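Sequential numbering from 0 applies to the sequence shown in numbering that gives the first Met the number 0.
First up is the structure itself, then whatever we jot down about it.
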Amino acid sequence: MAEKTPSGLTKRGASRPRFAWLYRLCLVAAGAGGLAAFAAALMVTLSVLMRIFGFGGIRGDFEAVELVCAACASLFLPYCQFTKGHVMVDLFTNWLPAAGQRRLDGFWTVLFGLGWSVICWRLTHGLETIHGYGDRTMLLGFPLWLIYLPAVAGTGLSALVAFIIGIDDLVNGRATDPMTEGA
0 MAEKTPSGLT KRGASRPRFA WLYRLCLVAA GAGGLAAFAA ALMVTLSVLM RIFGFGGIRG
60 DFEAVELVCA ACASLFLPYC QFTKGHVMVD LFTNWLPAAG QRRLDGFWTV LFGLGWSVIC
120 WRLTHGLETI HGYGDRTMLL GFPLWLIYLP AVAGTGLSAL VAFIIGIDDL VNGRATDPMT
180 EGA
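Written as structure tokens, this is what we have:
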């Protein structure tokens, strides 16, 4: 029986060890994004409380929230890609046998990986461009190019996940869904 995560999902990699490292990497990325979002929420709460009690808010709090949200959003994408959490429409493929459905899913997952790769490439180009400009935020003076780093990492990891899982589905035609035990 495959090992379960706290949410009850079966870890992809518990029954297929070659995916365990990838699962952990996606969890680390999502955890970092979650911690960043939680820190932003705490900062906003503290800033509002400070304003209520007459101490004034935290300088640049809205800038910090924008930066954190931009940074952490793409860190959740690899986990979503890994667990196949994206919206899928299988209305026209239900008649296919299970192996055929998985192979077709693998084909589209590889195409998804190509899409992630293009997004990662363009974000990298944007990072290089904005780094050259030396742009900073107005109040905090934070370098804007640093916000591109988690976005590049998140989309790059999403592409890697999509390629690995998609190719495995194409070649093997078997379940790589973390919700299926003993896949």
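Cβ atoms here follow ideal geometry from the backbone N, Cα and C, with glycine treated the same way.
Quick caveat, the model's predicted, so the values are computed rather than measured.
Spatial distance of residue i from residue j (CA atoms)
i	j	result
Trp120	Cys25	20 Å
Gly112	Leu74	16 Å
Glu180	Ala39	Legend: pLDDT at Glu180 = 38, less than 50; position of this residue unreliable, value from coordinates given subsequently. Roughly 37 Å between the two C-alpha positions.
Leu156	Met137	31 Å
Gln80	Leu143	27 Å
Lys10	Phe91	Caution is warranted here: a pLDDT of 48 is assigned to Lys10, below 50, making its placement in the model unreliable, and the coordinate value is therefore given only provisionally. Taking the straight line from one Cα to the other gives about 29 Å.
Gly133	Ala31	26 Å
Phe52	Ala63	21 Å
Ala98	Val109	16 Å
Leu66	Trp107	32 Å
Ala29	His85	15 Å
Cys71	Arg50	26 Å
Gly56	Leu41	13 Å
Gly105	Phe162	9 Å
Residue i, buried or exposed, once every other Cβ within 10 Å from all chains shown has been counted against 16
i	result
Phe18	buried
Val47	exposed
Asp89	exposed
Leu122	buried
Trp115	buried
Leu8	Reliability fails at Leu8, whose pLDDT of 46 lies under 50, so the model's placement of it is uncertain and the value that follows must be treated cautiously. Its Cβ having fewer than 16 others within 10 Å, Leu8 is exposed.
Whole-number beta carbon distance between residue j and residue i, since they are thought to touch under 8 Å
i	j	result
Tyr147	Leu126	4 Å
Ala160	Leu21	The identity of residue 160 in the sequence shown is Val, whereas the question assumes Ala. Confirmed, Cβ separation roughly 6 Å.
Within 9 Å, strictly: CB atoms of residue i and residue j
i	j	result
Leu76	Thr154	yes
Ile166	Lys83	no
Gly59	Leu139	yes
Arg102	Gly33	no
Chain B within 9 Å of residue i, Cβ atoms only
i	result
Leu139	This model lacks chain B altogether; it includes just one protein chain.
Which ranges would you report for the beta strand (DSSP E) in the segment 37-72 if only whole runs of at least 3 residues count? none
Which ranges would you report for the alpha helix (DSSP H) in the segment 90-140 if only whole runs of at least 4 residues count? 97-132
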